[in-house]
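The structure under discussion appears below in the form of structure tokens.
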Amino acid sequence: MNTSSENTIRIYVMGSAYEVPRGLTIMSAMEHAGWRFTRGAGCRSGFCGACSTVYRQEGDYRLRFVLACQTEAEDGMYLVQLPFTPAPRVSYTLAELNPDENVLLQHYPEIARCVSCNTCTKACPQDIEVMDYIQAALRGDIAQTASLSFDCIQCGLCSMRCPADIKHYHMAQMARRIYGRYMSPVTAHLEERIAEIEKGVYEEEVEALVKMTRSELEEIYAARVVE
Amino acid sequence: MRESIARVEATRPARLQAGPPPAMTPAEREKVLAEFHPDYKAEKKRALSIGVSAGNVVPSEVADMLEAHLLVDPAKIDLSSVDYDVDVLIIGGGGAGTVAAIFAHQEGIPAENILIVTKLRHGDCNSTMAQGGIQAADRPEDSPAIHYIDVMGGGHYANKPELVQAMVDDAPEIIRWHEELGVMYDKENGEYMEAHGGGTSRKRMHSCKDYTGKAIFNPIRDEARNLGIPTLEFSPVIELLLDGEGKAAGAITYNLETGEYRVIRAKATVLATGGFGRMHIQKFPTTNHYGATADGLVIAYRAGANLLDMDSVQYHPTGVAYPSAILGQLATEKLRSQGAMPINADGEVFVYPLEPRDVEAAAIIRECWSREKGVETVSGVRGVWLDTPMIDEIHGEGTLKDWLAAMWTMWHRHGIDITKDPALVYPTLHYQNGGVEIEADGETSVPGLFAGGEVEGGVHGKNRLMGNSLLGYNVFGRRAGIAAAKWAKSKKNKIKTLSLQHAVDFEQQLIDAGIETDIQSPMLLPDYRSKSVLERSLGRFL
Amino acid sequence: MNNAAYFPGCSLKAEAGDYERSAAAVMEVLGQPLEELERWTCCGTVYSLTDDDLMHQLASVRNLIRAQECGADEIVTLCSMCFNTLKRSKVFIEQDSARLETVNAFMDEEQDYEGGVEVFHLLEILRDQVGFESIEGKVTRPLSGLRVAPYYGCTLLRPREIGIDEPDTPTILQDFIRALWATPVEFAFQAECCGTYQIVDSPEMVLEKSHRILNSAMRAGADVLVTSCPLCMHNLRLCYEELRSSLPEKRELSIIYLTQLAAIAFEVETGELPTSMAKLVEGLPTSMELVP
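Chains as they are written, first to last, in this note's numbering: chain A, 10 to 236; chain B, 773 to 1314; chain C, 23 to 314.
Next up, the structure:
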């Protein structure tokens, strides 16, 4: 069925049909159709995971998974938004963890239920190899879990789809924090600079700048040597 | 478009060879700003006529929102029934608010005596969207003093000196705190990979690929959750409460889903509501999140807080100009700091790629609308090219896709490969430079009310530099959280009564000043429903 | 070795690191270095016995696809459980084209598995491709006089159609031990189950089973027991510590991976050895001393 005209397309929002202009994102198309979001809209730039959207294209049996703010609406899309993922997260004290190869499994034992079906990966709107990082977590490879999951925006689609009820994104957040704290050392000059500031090494110089007039500052600014 | 891209490709080898053109002199900067920057259009602004900052000139849209009717008649609210009674109330679940909550807790306030209220979800904020980086002067070639000069010059010397001092001094410590939280900063051989940002004289931009905002904010939020700090989501504040003596005493929230109000009494209140991008000043598209509607300015102004530098607005030089579906979304400054040059329709480089943001934006506007060397899209938007393929040419194949993954993905979703073709960009509304005036520890002019993050005014003067918003929310979120905790612990700061009299008075001032408006504020959320829908709308459930 | 991809499995990357380190060193000496499969995933851990539940075959088949993708015609494992799971899945899925079709249709994001990737345990490679004589030729420190119990457990041998040797009278480990100049010490429980993953829910049962195995090996006069399974290793070492007092007192038993035994004989990286094993190694004559 061809439902489109030159300038408009037909979308179905939770089953109801609407004609909307071409060239809008799914989010803007729904708004154009009369929706005013409270749920389902956040940063509107693909970073927050509020607008995870499930759709099916007319004539296709598959469900597809995208961010409404990042995807252009197409003719014949059947759309529904996922407002919230009731995924439990485990609390922990990062400073007191033993960052060994069992730490992720101990906090999220359900990762051992992974059967490698890869449904999570297929559901990820960020194209992350989700199943691969679950597998990395399972064998205690924190560095790889952290790096594979780096682009995760915690939209929750993986966890909603997982037949093993794994809470991928919470576990991955924990892995990235463990990596950041324990496996990626603080650089020496950061520590040196903090010590210098604490000792007041720069106090006089900055104080002097604080007291300067605008024209004095302008002179210094104009004379800056850009690295 | 293709023809123009061919011209960009034709000049690329020579540009790679020659490197960027020289930066403008201060006089040249002043000229391009005065002629082309949206801030310099006097007819788009007006002076406030009521409130503590009466006489201050602000964008007309801001003035309309500040000088508007209350959203709810205070008489409808029963202040005798308090729903939440806390030590520290934090308004806003973004970067500054979450940092404030953690440090209020570290300062001795039990988690259950802190409450974060937020309009959307905890983390629906601009902090999580930042891409490029965070400044901290930690390299031996750099110093807090050099950072200070860069910030003041970038801000046109309007910044409050003591705030800039606090920011540059705290910066390295903030980075170390992030390290303790497990933020995955970009490192090479154990050293930070630090880059320039527009207007910096030293490389001090720390990054986490081009997900810097998310990679910093998410561990902070995770930490707040580990500490068990309570959060009330989908509950924007519609009015602050005072205690009858002019001290901040809490707030009234509105549940976006059920429509109920709640009364919160708090010994200290932290305002961390972010900025105003969704007001679309001068009809610009924006990079901002859905809830950036200046609510904090409105409620604080009614409560007697004065505003600073509200006449200046930051337009990010490079928002998406094509495709129109993602018009105005951010093309991070990191693209330019890694070598991509702005190029006009004829393939010519016309500006130093890393001028401070206002200057860079003005130069792009000039190229499009005065020199007529922009590229026009089918929907009538003009823009200039950002020559992104230069990045891989300079740093090696794969660099862009690895280190600017979010950018690559954004365009890729619309069939554009920015490693092969340049991207079309145009300035987009990005940041509220000014805001509620604060002191170095986040105090506002209302006793017991503290502020941090984009809502505050004074840190960035008339123009914020890249990488100082992430830094700013951490520095002043922390300082505001600590100061609020100390204030709440002090016995002399008891709350005796709860009052909305200041809101009633404000409404009266509006009438007395003869202001006629049908706007009610705070705005809470923008309305993007189409005209045809709005014309027939009967309201929901009538 | 043909074009083989080494499949480590999760345990080898965690608590069984010594197994991998010693195996890598040994295979280097034998001129067939281990080349790790790219993007491998967990094998599935325990082979699913339900005929109609193809979901549980996905983990294994996906690894076979990964091998196929990188042009490998063999997968080599060290862990006996991985071997068992991967091989049984392979046989099951290749037996019936309908099963293969269903699994391929489900994993439509991958290339189709075409069948034919062989699954071997390292011991089979040593016996059939390297040859025990070649191994003997690489020994620089013969393990003369060392009494070694060959512990098979179950997953290397059973079920019969996938086993690497005769399930009731296996000889492959004894031959391997002999090739290193050590003395195999056969014992009654050498192909008994250690209790495996029941350690999570029924540790008492596992300790009882493991105790029987250790007791039998020690009474037969073994100084060393070799295994090819990280889970057996875990259970047996746990049992040895927990129930030391009820095991033969005068004798110490060193429980190690089979590749560690070869690494000692080749004088290459062995990974960490139990103190008792280190003592035994010190007591061994070096190759120099053996030369007449």
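Using N, Cα and C, we set each Cβ at its ideal position, and we do this for glycine too. None of the values given here were measured: they were computed from a predicted structure.
Per the coordinates, the alpha-carbon of F989/B lies some 31 Å from the alpha-carbon of E216/A.
Among the residues facing chain A, K986/B is included, as its CB has a counterpart in that chain under 8 Å away. Taking the Cα positions, T1059/B is about 52 Å away from D74/C.
Here Y1062/B is buried. Its C-beta has 16 or more other C-beta atoms within 10 Å.
The residue among C251/C, S70/C, Y173/C and G159/C with its C-alpha nearest the C-alpha of F288/C is G159/C. Boundaries of the beta strand (DSSP E) harbouring D857/B: Y856 to I863, taken from the DSSP string.
Where K35/C is concerned, there is no enclosing alpha helix (DSSP H), because DSSP gives it neither an H nor an E. Burial state of I1291/B is exposed, judged by a 10 Å Cβ sphere holding fewer than 16 other Cβ atoms. Within its own chain, the residues whose Cβ lies closer than 8 Å to the Cβ of L1306/B, once the five positions on either side in sequence are excluded, are D1299, listed in chain order.
A1044/B is not a Cβ neighbour of G926/B, given a cutoff of 8 Å. Judged by DSSP in its simplified three-state form, W44/A adopts coil rather than helix or strand. Interface annotation for the stretch 146-177 of chain A against chain C: L147, R148, G149, D150 and P172, criterion Cβ-Cβ distance under 8 Å. Within the same chain, C261, E264 and L265 come within 7 Å of L229/C by CB-CB distance, once the 5 residues on both sides are set aside.
In the structure shown, P916/B adopts helical secondary structure according to DSSP, grouped into three states.
Contact annotation: the stretch 1255-1266 of chain B touches the stretch 1213-1228 of chain B, with at least three C-beta pairs closer than 8 Å. DSSP links P30/A through a beta bridge to T17/A.
When the Cα atoms are used, K131/A and R53/A turn out to be separated by approximately 22 Å.
In the three-state reduction of the DSSP assignment, R1312/B falls in the coil class. The residue among T63/C, H256/C and L168/C with its C-alpha nearest the C-alpha of C126/A is T63/C.
DSSP places G1091/B inside the beta strand (DSSP E), whose first and last residues are V1085 to V1092.
Here DSSP, grouped into helix, strand and coil, assigns A171/C to strand. W203/C carries a coil assignment under DSSP once its states are collapsed to helix, strand and coil. Listed along chain A are S125, each with a C-beta nearer than 7 Å to that of R84/C. By the neighbour-count definition (other C-beta atoms within 10 Å, threshold 16), A786/B is an exposed residue. Judged by their CB atoms, I120/A and A77/A are not nearer to each other than the 8 Å cut-off. Look at R43/C: its C-beta is not under 8 Å from any C-beta on chain A.
In the assembly as shown, V113/C is an exposed residue. Its beta-carbon has fewer than 16 other beta-carbons within 10 Å.
Counting along the chain, L1014/B sits inside no alpha helix (DSSP H); it lies in the beta strand (DSSP E) bounded by residues V1009 to L1014. With 16 or more neighbouring CB atoms inside 10 Å of its own CB, G85/A falls in the buried class.
Residue-level contact check: M901/B touches chain A, since one or more beta carbons of chain A fall below 8 Å from its beta carbon.
Collapsing the DSSP output to three states places G1022/B in a strand.
Following the DSSP letters along the chain, one finds W1180/B inside the alpha helix (DSSP H) bounded by residues A1177 to H1184.
Secondary structure in the stretch 99-162 of chain A: the alpha helix (DSSP H) runs of 4 residues or longer, each lying completely within the stretch, are 112-116, 128-132, 139-147 and 151-157 in chain order.
One Cα belongs to K1268/B, the other to E1017/B, and the distance between them is close to 9 Å.
The Cβ neighbour count for K220/A, taken over all protein chains shown within 10 Å, is under 16; the residue is labelled exposed. If you look at M773/B, you'll find it isn't in any alpha helix (DSSP H); DSSP assigns it neither H nor E.
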